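Residue numbers (the working numbering): 6 to 295.
Where a beta carbon is used, it is the ideal one built from N, C-alpha and C, also for glycine.
This one's a predicted model, so the numbers in the text were calculated from it and none came from an experiment.
A short write-up of the structure that comes next.
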Amino acid sequence: MNYQLGQHSLTGARRVNQDRIATAEHNERLLMVLADGLGGYKGSEQAAEILVEAALKLFQRHARDERFDVREFISATASYAHKIINARVGGHREGARTTCVICVVDHGVARWGHAGDSRLYHYRAGRMRSRTVDHTTFETLDVDGLLSRERAHSSGLKSHLLSCVGGRQRPRLTIANPVPLEYGDTVLLCSDGLWEAYAPQDLLRCAKFDDLQEDLEEMLLAAEQTMGKRCDNLSAIALRWEQRPAPSRRTAAEGPAKKARAPTDTDPVRDEIERVEAFMRTIESRTRSD
């Protein structure tokens, strides 16, 4: 794979940085994951850490498998992290929780999922091709045309999350359809601290960065200065896809294309979920007996 990658995180005006970011690559697959621990909930910094560690652990364990399924991986990561967060950091009602956005590029095809208001932007040919829709009351009503932005800001609905990882409710992720990347595409994952500091047209600048790492760092520093004492934690991962499509040169001598391998009844990621759930049931039964 041929690509350029940048990533950076700042504490902003907060006392601690509750954001976590990570990337990993294996076997023509690239993982990018960002988590933003929810302020106001004790242990949310650890919740973000757990989610990122869960993503890295599952990716390193299963990315080499030919049967690797991106959708299953994203779902498994959220489920796995959700159970560990509730077990380690305590409490289903007022316990720690985190938003997340997870993206995997699998042999040039990107797919992503998110919970909460951490976002992914996909830029192509100097324009925004798509972005995730926040799991907030504001975005839900705004998409349905039921609430103006002005009323949402004044009512406080803008920051009311409808989905996260950790807490009483199971995470409800939105997982996008697979997107084949084209040469020059830019993918940006970011926490709300960054996208709140910039208008959409200003965020578009990252699609034109020459040096993703250096320019992304400058972008976050500028946002920190602009927001001042109101500045939240700021985190971002940016990918520039620089892989040109290989020409198709199959000849008659090479014969017909190989058929795809038939799926089997076993899935390593699904097996991992089942092992985790069995382990959690054991812990819960011991807790009840005590």
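Let me confirm a value: residue i is counted as buried when at least 16 other C-beta atoms fall within 10 Å, else exposed. Which label applies?
i    : result
H112 : exposed
P176 : buried
S14  : buried
D197 : buried
A130 : exposed
Y188 : exposed
T137 : buried
R173 : exposed
D70  : exposed
G11  : buried
E77  : buried
K47  : exposed
K88  : buried
G118 : buried
I249 : The displayed chain sequence assigns Arg, not Ile, to residue 249. So R249 counts as exposed.
R245 : buried
V94  : buried
Are the CB atoms of residue i and residue j nearer to each other than 8 Å?
i    : j    : result
A227 : L199 : no
M224 : C211 : yes
S240 : C195 : yes
L43  : C169 : yes
V184 : A115 : yes
V75  : R25  : no
V109 : L186 : no
Thinking C-alpha only, which one of the options is nearest residue i?
i    : options                : result
L221 : K234, G233, M232, D207 : D207
A120 : V110, L167, I90        : L167
Q23  : Y8, D41, E33           : D41
D237 : Q9, G17, N7            : G17
T141 : M6, R93, S123          : S123
I107 : T82, K47, G48          : T82
Y128 : R72, D216, L193        : L193
E247 : E219, L209, K234, D215 : D215
E33  : Q65, Y46, G48, K47     : Q65
N7   : Q230, T191, E219       : T191
S84  : H165, L244, G171, Q230 : G171
I242 : R235, R249, L125, E144 : L125
M133 : F143, A92, L209, R235  : L209
H165 : G45, V21, M37, R20     : G45
I79  : A92, M37, Q230, R20    : M37
How far does the beta strand (DSSP E) with residue i in it extend, from its first residue to its last?
i    : result
A243 : 239 to 246
S135 : 132 to 136
V75  : Taken as a continuous stretch (DSSP letters only), V75 belongs to no beta strand (DSSP E), being part of the alpha helix (DSSP H) at 75 to 93.
M37  : 34 to 42
G189 : No beta strand (DSSP E) holds G189; DSSP gives it neither H nor E.
V114 : 114 to 120
H3   : Outside the modelled stretch of the chain, which goes from 6 to 295, sits residue 3, for which no answer is possible.
Under DSSP, the alpha helix (DSSP H) around residue i begins and ends at which residues?
i    : result
V21  : Counting along the chain, V21 falls outside any alpha helix (DSSP H), and DSSP gives it neither H nor E.
A52  : 49 to 67
L166 : Where L166 is concerned, there is no enclosing alpha helix (DSSP H), given that its DSSP letter is neither H nor E.
G198 : 197 to 200
T231 : 217 to 232
D111 : It is not in any alpha helix (DSSP H) - D111 instead sits in the beta strand (DSSP E) that spans 103 to 111.
G208 : It is Leu, not Gly, that sits at residue 208 in the sequence shown. Segment 205 to 208, the alpha helix (DSSP H) holding L208.
Cβ contact check for the segment 176 to 188 and the segment 201 to 210: 3 or more pairs under 8 Å: no
Stretch pair the segment 47 to 61 + the segment 100 to 110: three plus CB contacts closer than 8 Å: yes
The segment 27 to 42 in contact with the segment 55 to 73 per 3-pair CB rule at 8 Å: yes
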